[in-house]
Amino acid sequence: MRRYYFTTRDLVTMAILTALQTVVSISAEPLIRGLIHGVLHLPGPGTGQAIFGGILTLFWMLLAYGLTLKRGAAALTSILMGITHLFYGIGPLTGFLAFFVYLITAPFLEIGLILKPTTLKYIVTGAMGNTIFFLAFIAFMGFYQGRWLLVTFIPIAIGLGILSGAFLGGLTTLIVLRNLQRAGLAPREA
Numbered sequence: 014m015r016r017y018y019f020t021t022r023d024l025v026t027m028a029i030l031t032a033l034q035t036v037v038s039i040s041a042e043p044l045i046r047g048l049i050h051g052v053l054h055l056p057g058p059g060t061g062q063a064i065f066g067g068i069l070t071l072f073w074m075l076l077a078y079g080l081t082l083k084r085g086a087a088a089l090t091s092i093l094m095g096i097t098h099l100f101y102g103i104g105p106l107t108g109f110l111a112f113f114v115y116l117i118t119a120p121f122l123e124i125g126l127i128l129k130p131t132t133l134k135y136i137v138t139g140a141m142g143n144t145i146f147f148l149a150f151i152a153f154m155g156f157y158q159g160r161w162l163l164v165t166f167i168p169i170a171i172g173l174g175i176l177s178g179a180f181l182g183g184l185t186t187l188i189v190l191r192n193l194q195r196a197g198l199a200p201r202e203a
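For the sequence shown, the working numbering assigns the number 14 to the initial residue and increments by one for each residue that follows.
Printed below as a string of structure tokens:
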């Protein structure tokens, strides 16, 4: 019998996490846009991604790795998310440009997941992944719509993106995984 790297369970887990991320993103996007631009009057595009990208995107990718403990799981989940975003986009960014944002992020996730200490691995990968995602997003938004984030605000947004990725992406994933491990629902890293 032939064995494959990803089991059916792994692939179903990644597909379910992709579906959950899609539903959460579609539901949260109008609320985030209203908060960022309507209430806080922060410039865009991309500020919402910088601030909430850790929980809206990176959390699900890192959770896929944490539930399977297989190299490539986070990248494959990122690519699956990109495929779903082909059809509904990331905010105003749609089609192949939305797919490319996820495709560009995928290898950086795997680079971050090479780190050994588990806590550091998730925090660094979340910060790096969200920053790359944010930078790719604002670059494509600029070329696609001719709308650029204010140059003076980009360093602030990058800082917010690093914090969001590290804490809302990496640390939140780690907390969820530790609780799932205590309940016997997730594997423990060696």
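Built from N, CA and C at the ideal position, the CB exists for glycine as well.
Bear in mind the structure is a predicted one, so any value in this text is a computation, not a measurement.
For residue 55, the secondary structure class from DSSP, reduced to helix, strand or coil, is coil. For residue 82, the three-state secondary structure derived from DSSP is coil. In this structure, DSSP gives residue 99 a helical state, which the three-state scheme calls helix.
Shown here, residue 24 sits in a helix according to DSSP, grouped into three states. Nearest to residue 170 by alpha-carbon distance, out of 48, 63, 84, is 63.
For a cut-off of 8 Å, the C-beta gap from residue 82 to residue 186 is around 13 Å, too long to register as a contact.
In the three-state reduction of the DSSP assignment, residue 128 falls in the coil class, being assigned neither a helical nor a strand state.
Take residue 41, set aside five residues on each side of it, and the residues of its chain with a beta-carbon closer than 7 Å to its own are 69, in chain order. Per DSSP, residue 19 lies in no alpha helix (DSSP H) and is assigned neither H nor E.
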